[in-house]
Structures are given as structure tokens and as C-alpha cells.
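Taking the working numbering, the leading residue of the sequence shown gets 159, the next gets one more, and so forth. Note that the Cβ used here is the ideal one computed from N, Cα and C, for glycine as well. Nothing here was measured: the structure is a model prediction, and the numbers come from that model.
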Amino acid sequence: MVVVMTAVVLRVYLLEMSGDFRITWGMFGWMMSPEGLTVPMKNPLHCKTCVLVPPNRLAPPPTTRERPLGCRTIFVGGLPENVTEEIVRDVFERCGEITTIRLSKKNFCHIRYELEEFVDNAIFLSGYRMRINNSTEAANTGRLHVDYAQARDDQYEWECRQRQLQREQRHRERIEAERLRPPSPPPVVHYSEHEATLIAEQLKGDDSFSKAAQILITWLERGDCNKRNSGTFYGMIQSTNSHVRRLMTEKGQYEEELAKFREQTRARMQGVFMQ
159 MVVVMTAVVL RVYLLEMSGD FRITWGMFGW MMSPEGLTVP MKNPLHCKTC
209 VLVPPNRLAP PPTTRERPLG CRTIFVGGLP ENVTEEIVRD VFERCGEITT
259 IRLSKKNFCH IRYELEEFVD NAIFLSGYRM RINNSTEAAN TGRLHVDYAQ
309 ARDDQYEWEC RQRQLQREQR HRERIEAERL RPPSPPPVVH YSEHEATLIA
359 EQLKGDDSFS KAAQILITWL ERGDCNKRNS GTFYGMIQST NSHVRRLMTE
409 KGQYEEELAK FREQTRARMQ GVFMQ
């Protein structure tokens, strides 16, 4: 494990000296602060145009404001007086792809990144002291303060992404609901003399009566009955009435047989108890 850590540190050191390296949160590992917090270790960083000197390890960690939703923009204060946009880009582009840099004359700038995760890498540089060309002159040195920035573009794009995610979620829910929805019944055929003849025959059969009666009801509700075909409808209604009366008669017979069976069963049980 020690050999692996040594190799990693050596590789990072060689990349730093060559000026070709990426800056990521916790790139040097972690340590315990005087307050008992786990904070990232910070070592010197040698960029092409400047040197970044880490803060005292006993110093409290830099503070930041609450991170805005969808934050992709950072505030960088404490820049040296002689800093240029090229120097800022050389340092902070190592944290991730930059969209825009707005450099002020008052030793601060705003940097907007392509992705939100690049912001955390840039926050890692807060507390470092920048030395342009490794010079200690006042105009070439400054202690960096990196913090989250409130940007309307970030908030707008975050809200757009949230609305898109909500639309996608509603689309998935709609597809799932349609998949679970029971199939709708087949549409009822439109009235015609031919269909009426078929339904009249089906009303006389036990197996086809229920479906035929439902079609007849639908035709009546649609207003398909008129003077010209009233005789046909009358015949179908008569067939329906006859079938229902027969069913009611059969129901009464079955209920009577059930009552007799219950009476016989009760009498048999009483006979068993009396023995």
C-alpha cells in the first residue's frame, strides 16, 4: 500500500513539474484539520505561468457560501495585480473545460464551467497563494479565495433540466399506465338490417344473449330506433323480455330446489343428533 501511494505521489509530482496535470478535489489525499475535520491535503502546484503555494496545514479550511442549485460558476478573489486572463485560464482550465471567463480590474474574476462537477475541482484551489513566474513581488502574488457564485444562466439551465426530467418522468408514468390498463372492449357495431337480424337470433341463445342484449341497449341509447325499423326493435325487445322471463322462472325453480335441499339437510342433521 505504501509503495502504491509513493508511486502516485511521485507521478503527481512529475506531472506538476512538467506543468501538465489536472486539478481534482482531494488529488493529494486527505488529512485531519485542527478542528477534527477531514480535509484535502494541498501541495505546491507548478503551472506553466505561475506557482500555487498551498496554505498552512494548521490554518482553518477556507469557507464557502451555500452552493446554488445547478452551480457552474465560481468567484475567484485575491488575484495578483499583474494577473491576465491567460494566467487564469492556465490555472483553472486544469479543473475542467471553461465556458467563459469574466476578469475584473479589481483583482477578481468569474469563471463558468461546462459541467457542475468541475466547480468542486476549482474550489480545491481556495487558500492557495498564486505567484506569477514564482515571483514574491506584491504585484505578482495574491491569496486565492474561490467560492460558489450565483448566476442566472446556471439557475435557468438547471430549471430547464428539471422540467425536462419531469417531462420524461411523466412520459414514463404514462407509458406504464397504458401498459397496465386493461384492454378496452371492442366497439359496438353500427345498426343495420343485416346486423339486426343477427342480433335477433343471438337474443334467443343462452351463450350469445348477454352480448346481444348489450348491443341492443347501445343501439337504443344511440337513437337508432325510428318509425321505419320500430318493428324490428319491437321484435328484439320481445325476444329479450321472453328470455329474461324464462331466466326469472328458472331462477325461481332453482331457489325452490335449494330451499328443499336445505330443509332435507336440516331434517337429516336433526335425525343424527337424536340417535
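- request: Return the chain-ordered list of same chain residues with a C-beta closer than 7 Å to the C-beta of Pro238, the five sequence neighbours on each side being excluded.
  value: Position 80 of the sequence shown, counted from the first residue, corresponds to residue 238. Here the set comprises Met288, Ile290, Ala297, Asn298, Thr299 and Gly300.
- prompt: Residue range of the beta strand (DSSP E) that Trp183 falls in?
  reply: Against the sequence shown, residue 183 aligns to sequence position 25. Counting along the chain, Trp183 falls outside any beta strand (DSSP E), and DSSP gives it neither H nor E.
task: Could you tell me which residues DSSP puts in a beta bridge with Val211?
output: As a first step, residue 211 must be located in the sequence shown, where it is residue number 53. According to DSSP, which records beta bridges pairwise, Val211 is partnered with Arg287.
query: Taking C-alpha atoms, which residue in Gln320, Ser342, Val241 and Gly285 lies nearest to Asn292?
result: Working through the sequence shown from its first residue, we reach residue 292 at position 134. The shortest C-alpha separation from Asn292 is found at Val241.
- prompt: How close, in whole Å, do the beta carbons of His303 and Gly236 come, if the pair is a contact with beta carbons under 8 Å?
  reply: One-based indexing of the sequence shown puts residue 303 at position 145. One-based indexing of the sequence shown puts residue 236 at position 78. Right, the Cβ-Cβ distance comes to about 5 Å (below 8 Å), so this counts as a contact.
- request: Can you grab the Cα-Cα spacing for the pair Gly187 / Asn201, in whole Å?
  value: Here residue 187 refers to the residue found at position 29 when the sequence shown is read from its first residue. Here residue 201 refers to the residue found at position 43 when the sequence shown is read from its first residue. One C-alpha to the other measures close to 10 Å.
message: Beta-carbon within less than 7 Å of Thr257's beta-carbon, same chain only, minus the 5 sequence neighbours each way: which residues are those?
response: Here the question's residue 257 lines up with position 99 in the sequence shown. Closer than 7 Å at the Cβ level, and outside the excluded window around Thr257, lie Arg270, Tyr271 and Glu272.
C-alpha gap between Gln360 and Arg332, whole angstroms: As a first step, residue 360 is located in the sequence shown; it is residue number 202 there, counting from the start. As a first step, residue 332 is located in the sequence shown; it is residue number 174 there, counting from the start. For Gln360 and Arg332, the distance between alpha carbons rounds to 39 Å.
- request: Just mark Ala425 as buried or exposed, buried being the case when its beta carbon has 16 or more other beta carbons within 10 Å.
  value: Walking along the sequence shown from the start, residue 425 turns up at place 267. When all chains shown are included, Ala425 counts as exposed.
field: Element boundaries [alpha helix (DSSP H), containing Asp278]
entry: Sequence index remark: in the sequence shown, residue 278 carries index 120 (1-based). That run of the alpha helix (DSSP H) goes Glu275 to Ile281.
- prompt: Counting Cβ pairs closer than 8 Å, one from the segment 314-321 and one from the segment 220-229, do we hit at least three?
  reply: yes
- prompt: Which partner residues of Met190 appear in the DSSP bridge assignment?
  reply: Numbered from its first residue, the sequence shown carries residue 190 at position 32. Met190 is bridged to Thr196.
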